[in-house]
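Worksheet: one structure, shown below.
Numbering (the working numbering), first residue to last: -16 to 441.
Have a look at this one:
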């Protein structure tokens, strides 16, 4: 094990110890400040006056229950300092939401003004802690982990998708626009940024001005919405939430699977997937679908997905990708499901993405063309400065359902043109993906094209 790996391992052990010690958070209400700090009035937060809709209204509802408290400090010699905060983000439907919030400041900080905020759920997964400690070491950036998004279980022991689906149903039945759970989930992230900025100012005496926000699955969904509503978000890396443009995504699921994915059964059982194209569905999408806010999503984006995620069709990204403004990057992992895996590749690409957003290096722009002819298809990655090579991956399936398809690497081009030609086969669908190796500063980084499928509709 090299010295850097040993250092990361030591850091992981320390973080796990502190996290387990702070699982039980003290109850408190109202605003909390550090001893000796001055704070005459609550932080005004970001200016949302130009935003409209239920999400912005909920964020500006004047809820006085926000507050935070420092509950632990751990100095890690040669590594940095880990601060543990107890955060109250809001009161929603009469329920006070409380969170664990950890902030790690590396001993060597390359950029004090730009922090990473990782949104996660309940518990304290050592793999998540290891992942984020490695991000901190690789970027020399302040890294925060926000837990307990959402607060759960609620309403009769409901968790995760079952809980979200229940709140969607309540919105549709009551018309109360504060019901969808994505509103308090998003506010949790906004309040975490408030708390991080205030703590850094009062305790560390430096200003954190912006954030790169990331999260997976439901927290990836939250990441999109947080970016759409809060200008402090300078970049996002949503993971395994490949479902923007809900109405069209539900149509694509039926085309691809013949039914809705069993992974979203909590929504289907309440009739929510079936109304996606209806007026009711449009009202819900206007509140919770990041596609409804796409004009505000101008910040750089790194979309991280697995080619075999059972939640979404393999080419779900193509439903919305071309409609996203700004600079956008993709990391699609071949043969990966909802849990992704290959965290070394993710770490490397995510770290480079952060440094790009922070202005410390520049990722090259990746462009591609996918063309279909009568008996063949072609994926071409345009040559550009910084591109070192392109590996092409393909998979085959008797239908548009690629959830169980095996992806294999077929070619590796070190010189332009970077192109993969596919022969179309009767009764088969073929998928293709370009994995692009780029040079960014002194780093070699993997980015990809979207997944493209070619075949005959049945």
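Even for Gly, the Cβ is constructed at its ideal location relative to N, Cα and C. Only a predicted model underlies this, so the values are computations on that prediction, with no experimental measurement involved.
Between residue i and the rest of its own chain, which residues show a CB-CB distance below 8 Å, the 5 nearest in sequence each way excluded?
| i | result |
| --- | --- |
| residue 366 | 399, 400, 401 |
| residue 141 | 135, 149 |
| residue 360 | 353, 354, 404, 405, 407, 413, 415, 435, 437 |
| residue 328 | 314, 316, 429 |
Measure the C-alpha to C-alpha separation of residue i and residue j and round it to an integer number of angstroms.
| i | j | result |
| --- | --- | --- |
| residue 102 | residue 409 | 45 Å |
| residue 295 | residue 287 | 13 Å |
| residue 198 | residue 135 | 17 Å |
| residue 246 | residue 85 | 31 Å |
| residue 203 | residue 104 | 11 Å |
| residue 13 | residue 313 | Only weak support exists for where residue 13 lies, its pLDDT of 35 falling under 50; the value from the coordinates is given anyway. One C-alpha to the other measures close to 41 Å. |
| residue 131 | residue 79 | 12 Å |
| residue 432 | residue 155 | 37 Å |
| residue 213 | residue 248 | 31 Å |
| residue 389 | residue 164 | 36 Å |
| residue 153 | residue 162 | 6 Å |
| residue 255 | residue 268 | 11 Å |
| residue 243 | residue 229 | 12 Å |
| residue 53 | residue 92 | 21 Å |
| residue 65 | residue 395 | 43 Å |
| residue 343 | residue 77 | 44 Å |
| residue 351 | residue 363 | 5 Å |
| residue 265 | residue 303 | 16 Å |
| residue 119 | residue 258 | 43 Å |
Could you tell me if residue i is buried or exposed, where buried requires 16 or more neighbouring beta carbons within 10 angstroms of its beta carbon?
| i | result |
| --- | --- |
| residue 189 | exposed |
| residue 82 | buried |
| residue 391 | exposed |
| residue 406 | exposed |
| residue 128 | buried |
| residue 305 | exposed |
| residue 411 | exposed |
| residue 181 | buried |
| residue 430 | buried |
| residue 237 | exposed |
| residue 205 | buried |
| residue 375 | buried |
| residue 89 | buried |
| residue 87 | buried |
| residue 455 | As shown, the chain starts at -16 and ends at 441. That puts residue 455 outside it, with no answer to give. |
| residue 225 | buried |
| residue 380 | buried |
Looking only at its chain, what residues have a beta carbon closer than 6 Å to the beta carbon of residue i, apart from the 5 residues adjacent to it on each side?
| i | result |
| --- | --- |
| residue 193 | 97, 215, 217 |
| residue 37 | 160, 270 |
| residue 45 | none |
| residue 75 | 167 |
| residue 144 | 249 |
| residue 276 | 211 |
| residue 207 | 221, 273 |
| residue 298 | 434, 436 |
| residue 219 | 196, 206, 210, 284 |
Assuming residue i and residue j make a contact with CB atoms under 8 Å, what is their CB distance in whole Å?
| i | j | result |
| --- | --- | --- |
| residue 377 | residue 434 | Actually they do not touch by this definition, with Cβ atoms about 10 Å apart. |
| residue 385 | residue 318 | The Cβ separation is near 11 Å, so there is no contact. |
| residue 196 | residue 172 | 7 Å |
| residue 347 | residue 421 | 5 Å |
| residue 438 | residue 383 | 7 Å |
| residue 285 | residue 332 | 7 Å |
| residue 147 | residue 201 | 7 Å |
| residue 322 | residue 316 | In fact, because the Cβ distance is near 10 Å, the residues do not count as touching under 8 Å. |
| residue 335 | residue 419 | Rounded, the Cβ-Cβ distance is 13 Å, inconsistent with contact. |
Leaving aside the five residues before and after residue i along the sequence, list all residues of the same chain whose C-beta is less than 7 Å from its C-beta, in chain order.
| i | result |
| --- | --- |
| residue 170 | 41, 42, 72, 73 |
| residue 115 | 101, 126, 128 |
| residue 355 | 437 |
| residue 239 | 296, 383, 384 |
Name the one or two DSSP bridge partners that residue i has.
| i | result |
| --- | --- |
| residue 69 | 52, 83 |
| residue 192 | Answer is none; residue 192 lacks a bridge partner. |
| residue 359 | 406 |
| residue 97 | 193 |
| residue 412 | 380 |
| residue 257 | Paired residues: none, contrary to the question. |
| residue 374 | 395, 418 |
| residue 58 | 64 |
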